[in-house]
Amino acid sequence: MKNKLPRLLQFKFKEPKNKFLFIIMMGTILIMFALLPEVFLSSTNLKSMASQFPEFGFLALAMMLAMITGGIDLSVVATANFTGVIAALILTKGPAAGMNPMLSIVLAIAATIVAALPVGLINGFLIAYIGVPPILATLGTQGLFLGIATVITKGLSVANFPKSFLYIGNGSIFGIPIVFILFIIGTIFVWLLLGKTEQGFNMYMLGTNPIVSRYSGVDNAKIIMQTYITTALLAAVSSIIMISRANSMRPGYGSSYLLQAILVVVLGGADPDGGFGNIPGLLMAIVMLQVTQSGFNILAFSPFVRKFIWGFALLLVMTINYIAQQYGNYKRVKKMRQSTASEAT
Amino acid sequence: MNLKRIFKRSETFVLLIIIAFSVFVTIKNPAFLTLDNLFDLLRSSSGTAILGIGIFLVLISGGVDVSSTTIAIVTQYVSITLMIRSGIDSMWFLFGLSAFIGIVLGAINAFFVSLLKVPTLIVTLGTSSLYHGIMLEFFGTRSVNIGSLPESVKSFGKINILTLTRADGSTYGLSIFFVILIALLIITYVILKYTVIGRSVYAIGGNLEAAKRAGFNTRKTHFFVYTYAGLLAGIMGVIHLSLIRYSNPNYIVGTELGVIAAVVLGGARISGGTGTLTGTMLGIILITILEKNLIMMGLSTYWQQLFIGVVLILGVSITYLQAKFQQSGKTIIATEEE
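Sequence lines, in order, name chains A and B.
Take the first sequence: its position 142, counted from the start at 1, is 142 in the working numbering, and no numbers get skipped.
Take the second sequence: its position 139, counted from the start at 1, is 139 in the working numbering, and no numbers get skipped.
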């Protein structure tokens, strides 16, 4: 039976769930292709898809890291707003005051990174040292950093950056959007972090069982601090892409990304209880979301229908995960019963 | 209860802050500490307080509900739209319809919470997006303004159970909203304190697995918690409508953070199954008077979000630090109402 399958489907997935995910992803792409062949596969559409998802993809990477350790980072969008506003102010005020545009760009990018550090430190400190559950801690910092962004800009948007800065978000090298290349680099970074470093290994262990991790000599607090600093930095990169693509920043921008980030991370096989989550799964989930999103754009769905569909999709995915898990348990129990029965006879 | 223990309760802290702040505001503006202003505060914050009871209940059951504000606006907008279309001009009809929708939406929350073993915040984030999206798509996005509002809704908001006269002859009074709040507080208190289902809310919040093994029906408890929170959100929706006499499908949504902050400030915590209604109400009072007097403190309205964030962070930090000390046996803190 196995030999009859095409070579592609024989490819073995490290994570068993990813096989299903792969089939669903191909299904989504095929449906979109069948519905709108000429629009969907046009190079303009492919290019616009490749430049649309990175800003949100970085937030999803961040969310996945937090979820692997058994936490969640609800403050990613607010962090991106906060760092984005700071960068936007440097990019507008700097050149206006006679600063070299290139210098202002370098300064702005450096500022997002610097601004992300305290965000990560505060989140990490609240979770690791005070013992606040990640959900409540990041819910609080979400309000705090969105609030700071609002206070800085008085709720208005900051717009019109130097032209060379917009190149990051809108330019392309050999026809590949720069933001897409950035996202690939970010993904490789997270992949290396998770798969090849001690930090990554400890993150999975912490997420699976914090007590075991503690007793095997891991400094849980340090791991948590590093995790939330990384998530804040990823959100900062996302903010650079956001402001460069939109040529403006306003506090509250991208608030719908939070739900979508959680959606793709859960869809990609991460467990909100921690311990699970992998890059291939996440990438497939992101592709699926982006393809669906483009489909909605082409079909001109209203934002309300989308809001409804994303909420529904999140619940659906979690329900399917749950049923799959129950089914897995059922099969395991059945197998055990069979083996004990055969032993008895 | 001895003095030392009283001072270790978070309610005491909140109460002290409220008193200190009230003194400060009164010195700056003597109009603050008048019955007139007090009644006005009660009238405008009763709705928030009712929403707070629901969020409190979810919090002590071990969850976080971010969908209650969405449920409030959905019940409000859908029921007032249906009321206008049907032509039935009755407050009972509006309350009944709104409560019914609230219970149904709460039951959907409960269904997913008790079925899926995932954080309730993710579930309620999903359902709130679902509810709001459906309402905006199928019930429209246009505001209902005062002109098209039925007479009973407008007059309900003006009912006072106690009317007093100002020096210039105009009257002011204690709104009926406050009576509804007090009634709901008493009912919730009795349920939480004297019924099996109420005690099981604390039990599943303390330790779900332990509660299950002790024989509590955790599924039933989840249904109770979320349908009750939905019911309260429905009532809040109607009160909010008759308070501002205007229904915008995008109002209320987004204020959940403030209410959660208030409840957490009052001492409720999701990992311990602890917290009191008194604490919740004190938290709501504190957040309300702080919010209403931001401008008096020299801060513009842009500061509101930041401010709620800070309060929430401080609130949770204090609660969980106390828990940490309690665990390590350094201090004994009375966090229960028993």
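By construction, the Cβ of each residue, glycine as well, lies at the ideal position given by its N, Cα and C atoms.
Predicted model, so just to flag it, every value in this text is computed and none were measured.
Which residues share a DSSP beta bridge with residue i?
| i | result |
| --- | --- |
| G173/B | T163/B |
| I176/A | I173/A |
| S144/B | Position check: residue 144/B holds Val in this sequence, whereas Ser was assumed. V144/B pairs with S247/B. |
| A159/A | S248/A |
| R269/B | T274/B |
Along chain A, which residues have their Cβ under 8 Å away from the Cβ of residue i?
| i | result |
| --- | --- |
| T127/B | G311 and L315 |
| F93/B | Chain A residues near F93/B: none, gap ~27 Å exceeds 8 Å. |
| V58/B | By Cβ distance, chain A contributes nothing, its closest Cβ being about 12 Å from V58/B, past 8 Å. |
Mind listing the chain B neighbours of residue i? Cutoff is C-beta to C-beta under 7 Å, in chain order.
| i | result |
| --- | --- |
| M318/A | L116 and V118 |
| V151/A | Y302, W303 and L306 |
Which residues in the same chain have their Cβ closer than 6 Å to the Cβ of residue i, if we skip the five residues on either side of it in sequence?
| i | result |
| --- | --- |
| R250/A | S157 |
| G133/B | none |
| A88/A | V158, I243 and M249 |
| L194/A | G200 |
| S242/B | V153, F156 and G157 |
| I159/B | I176 |
| I197/B | F224 |
Is any non-hydrogen atom of the ligand HEM found closer than 7 Å to the C-beta of residue i, if you look at the structure I gave you?
| i | result |
| --- | --- |
| T227/B | With respect to the ligand HEM, the structure offers nothing, as it holds no ligand at all. |
Output needed for residue i: all residues of its chain with C-beta closer than 7 Å, excluding positions within five of it in sequence on either side, in chain order.
| i | result |
| --- | --- |
| I308/B | L257, G258 and A261 |
| P95/A | P101, S104 and P162 |
| V78/B | I101, M135 and F139 |
| I252/B | T69, A72, I73 and H240 |
For residue i, which residues of its own chain have a beta-carbon under 8 Å away from its beta-carbon, when the five flanking residues on both sides are left out?
| i | result |
| --- | --- |
| N160/A | T92, N247 and S248 |
| N18/A | G269, N278, P280, G281 and M284 |
| N29/B | M296 |
| V265/A | A60, M63, M64, M67, G277, L282 and A285 |
| T218/B | S114, S200, I204, L208, A211 and K212 |
How would you list, in chain order, the residues of chain A whose beta-carbon sits under 7 Å from the beta-carbon of residue i?
| i | result |
| --- | --- |
| I55/B | None at all; the shortest Cβ gap to chain A is about 12 Å. |
| G106/B | Chain A residues near G106/B: none, gap ~15 Å exceeds 7 Å. |
| K28/B | Result: empty, since nearest Cβ-Cβ is about 22 Å, beyond 7 Å. |
List the residues of chain A that residue i touches, going by C-beta distances under 9 Å, in chain order.
| i | result |
| --- | --- |
| V316/B | L126, I130, V132, P133, L136, A137, L139 and G140 |
| E137/B | S302, F304, V305, K307 and F308 |
| A167/B | Ordered by position in chain A, no residue passes the 9 Å Cβ test against A167/B, which lies about 39 Å from the chain. |
Quick check: the Cα distance between residue i and residue j, rounded to an integer number of angstroms?
| i | j | result |
| --- | --- | --- |
| L348/A | I313/B | The requested residue 348/A does not occur in the structure, where chain A is confined to residues 1 to 345. |
| F13/B | V311/B | 13 Å |
| L299/B | V151/A | 10 Å |
| F174/A | I185/A | 17 Å |
| V226/A | G124/A | The sequence given here has Gln at residue 226/A, not Val. Taking the straight line from one Cα to the other gives about 8 Å. |
| F216/B | F165/A | 60 Å |
| N145/B | T227/B | 29 Å |
| V225/B | L59/B | 10 Å |
| F325/B | A128/A | 15 Å |
| T335/B | N207/B | Bear in mind that the predicted position of T335/B carries a pLDDT of just 44, short of 50, making it unreliable; the figure below should be weighed with that in mind. Straight-line Cα distance between these residues: approximately 16 Å. |
| D73/A | Q52/A | 22 Å |
| A115/A | A108/A | 10 Å |
| M49/A | G27/A | 18 Å |
| P118/A | N321/A | 36 Å |
| S238/A | F180/A | 12 Å |
| S255/A | E343/A | 58 Å |
| Y302/B | I188/A | 39 Å |
| I180/B | N248/B | 23 Å |
| F145/A | V85/A | 11 Å |
| E55/A | I191/B | 48 Å |
| T319/B | T274/B | 10 Å |
| E38/A | I31/A | 13 Å |
| A111/A | S86/B | 57 Å |
| I410/A | R43/B | Outside the shown range of chain A, which is 1 to 345, sits residue 410/A, and nothing can be said about it. |
| Y167/A | I176/A | 13 Å |
| T69/A | F178/B | 45 Å |
Just the chain B side, please: which residues come within less than 8 Å of residue i by C-beta, in chain order?
| i | result |
| --- | --- |
| K154/A | S300 and Y302 |
| P272/A | V118, P119 and I122 |
| I72/A | P119, L121 and I122 |
| G84/A | Residues of chain B passing the Cβ test: none, with the nearest at roughly 16 Å. |
| L259/A | L125, G126 and S129 |
Which residues of chain B have a Cβ atom closer than 9 Å to the Cβ of residue i, listed in chain order?
| i | result |
| --- | --- |
| Y327/A | Within chain B, no residue comes near Y327/A; the closest Cβ sits about 14 Å away, beyond 9 Å. |
| I68/A | Ordered by position in chain B, no residue passes the 9 Å Cβ test against I68/A, which lies about 15 Å from the chain. |
| G147/A | Y302, W303, Q304, Q305, L306, F307, I308, G309 and V310 |
| Y322/A | L115, L116, K117 and V118 |
- Can at least three beta-carbon pairs, one atom from the stretch 162–173 of chain B and one from the stretch 291–304 of chain A, be found at a separation below 8 Å? no
- Query: Hey, is the stretch 47–66 of chain B in contact with the stretch 224–238 of chain B, meaning 3+ C-beta pairs nearer than 8 Å?
  - Reply: yes
- Query: Within the chosen definition, does the stretch 298–316 of chain A reach the stretch 119–126 of chain B through at least 3 CB pairs nearer than 8 Å?
  - Reply: yes
- Counting pairs of Cβ atoms below 8 Å between the stretch 66–80 of chain B and the stretch 92–111 of chain B, do you hit three or more? yes
- Task: Check whether the stretch 205–218 of chain A touches the stretch 27–40 of chain A, counting contact only when three or more Cβ pairs, one atom from each stretch, lie closer than 8 Å.
- Result: no
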